[in-house]
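Q: Residues in the sequence shown are numbered consecutively from 270, following our numbering. Heads up, the beta-carbon is just placed ideally off N, CA and C, and yes, glycines get one too. Have a look at this one before I ask anything.
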Amino acid sequence: MASALRARITAAYRADEAAAVHALVSEAALAPEALAATQRLAASLAQGVRAARSTAGGVDALMLEFSLDSREGVALMCLAEALLRIPDPATRDRLIRDKIGRGDWRAHVGKSPSLFVNAAAWGLLVSGQLVDSRSDSALEAALTSLLRKGGEPLIRKGVDLAMRLLGKQFVTGRTIAEAIDNAREREARGYSYSYDMLGEAALTAADAQRYLAA
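In structure tokens form, the structure reads like this:
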């Protein structure tokens, strides 16, 4: 059996994708009873995950509140992707001003029962006001300017820390060995993992070469 499967794999090596997909479409169809069982299992798993997330805290609650299909969620993910790749503070500050200024963080304050989510929303709201204030008062404008000059590096560090924390939700480890070790607890509970090694965070040519060698 194994040799027959290997022979099919070898025969399909570098096959035309369109032809291969066309040939496999019929094999992907499930029998009615299998399809119904799959749908029941999927619904049960989804309901269980949603029930668990409704009482989530920490980063899970943050991600639940700032949905990825919202403008705020997009801004968060843009920051998460970009801040880890930008080594100089000035460019990070410009990115923070650009991305945080676009999100309506005020709408999230007081909405979620999670203290962590509300604290994050208040922080993003305050940082948005400091970075992108439109006050008509000369006194408020002067105060905002002073806070802006001293506040952006602190905002950058805080947002950078939050993004690194969020990154742990999507990056299991810095190496395959670390990822496998970090996954043991969930694997013991029945979860399965597949792993990719990425070199997307290379900041220098040396980083890129190291990832290439890996």
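Distance check for residue 357 and residue 448, CA to CA, integer angstroms please.
A: The residue you call residue 448 lines up with position 179 of the sequence shown. The residue you call residue 357 lines up with position 88 of the sequence shown. The alpha-carbon atoms of residue 448 and residue 357 are separated by roughly 29 Å.
Q: Might you give, ordered along the chain, the residues of its own chain that have their beta carbon closer than 8 Å to the beta carbon of residue 406, omitting 5 neighbours on each side?
A: If you number the sequence shown from 1, residue 406 lands on position 137. Confidence is the limiting factor: at residue 406 the pLDDT is only 48, short of 50, which leaves the residue's position unreliable, though a coordinate-based value still follows. Nothing listed; no residue qualifies.
Q: Report the three-state DSSP secondary structure of residue 499 (helix, strand or coil).
A: Because the chain here runs from 270 to 483, residue 499 falls outside it and cannot be looked at.
Q: Under the three-state reduction of DSSP, which class applies to residue 300: helix, strand or coil?
A: On the sequence shown, position 31 is the one that residue 300 refers to. In this structure, residue 300 counts as coil in the three-state DSSP scheme.
Q: With the cut-off set at 7 Å, would you say residue 445 and residue 464 are in Cβ contact?
A: As a first step, residue 445 must be located in the sequence shown, where it is residue number 176. As a first step, residue 464 must be located in the sequence shown, where it is residue number 195. Closer than 7 Å, so yes.
Q: Is residue 452 helix, strand or coil by DSSP?
A: If you number the sequence shown from 1, residue 452 lands on position 183. Residue state, collapsed to three classes: helix.
Q: Specify the secondary structure class of residue 311 as computed by DSSP and reduced to three states.
A: Here residue 311 corresponds to residue number 42 of the sequence shown, with the count starting at 1. Helix at residue 311.
Q: Does the distance from the C-beta atom of residue 471 to that of residue 480 stay below 7 Å?
A: Along the sequence shown, one-based indexing puts residue 471 at 202. Along the sequence shown, one-based indexing puts residue 480 at 211. Contact: yes.
Q: Could you spell out the range, first to last residue, of the alpha helix (DSSP H) harbouring residue 481?
A: Walking along the sequence shown from the start, residue 481 turns up at place 212. Segment 474-482, the alpha helix (DSSP H) holding residue 481.
Q: Just reading off the alpha helix (DSSP H) that residue 287 is part of, what are its end residues?
A: Taking the sequence shown and counting its residues from 1, one reaches residue 287 at position 18. First-last of the alpha helix (DSSP H) with residue 287: 286-294.
Q: Which word fits residue 278, buried or exposed, when buried means at least 16 other C-beta atoms lie within 10 angstroms of its C-beta?
A: Within the sequence shown, the letter at position 9 stands for residue 278. Label assigned to residue 278: exposed.
Q: How should residue 246 be labelled, buried or exposed, when 16 other C-beta atoms within 10 angstroms of its C-beta is the threshold for buried?
A: Because the chain is modelled from 270 through 483, residue 246 falls outside the range shown and cannot be assessed.
Q: Please classify residue 319 as buried or exposed, where buried requires at least 16 other C-beta atoms within 10 Å of its C-beta.
A: By 1-based counting over the sequence shown, the position of residue 319 is 50. Under this definition residue 319 is an exposed residue.
Q: With a CB to CB cut of under 8 Å and the five nearest residues on each side skipped, what residues in its chain are close to residue 451?
A: What you label residue 451 is simply residue 182 of the sequence shown in a count that begins at 1. These residues qualify, in order along the chain: 441 and 442.
Q: Return helix, strand or coil for residue 358, following the three-state DSSP convention.
A: Taking the first residue of the sequence shown as position 1, residue 358 is located at position 89. Residue 358: helix per DSSP, three-state reduction.
Q: What number of angstroms, rounded off, separates the C-alpha of residue 285 from the C-alpha of residue 359?
A: By 1-based counting over the sequence shown, the position of residue 285 is 16. By 1-based counting over the sequence shown, the position of residue 359 is 90. So the two alpha carbons sit approximately 48 Å from each other.
Q: Closest by CA to residue 292, which one among 302, 314, 304 and 281?
A: Taking the sequence shown and counting its residues from 1, the one referred to as residue 292 is at position 23. That would be 281, whose Cα lies nearest to the Cα of residue 292.
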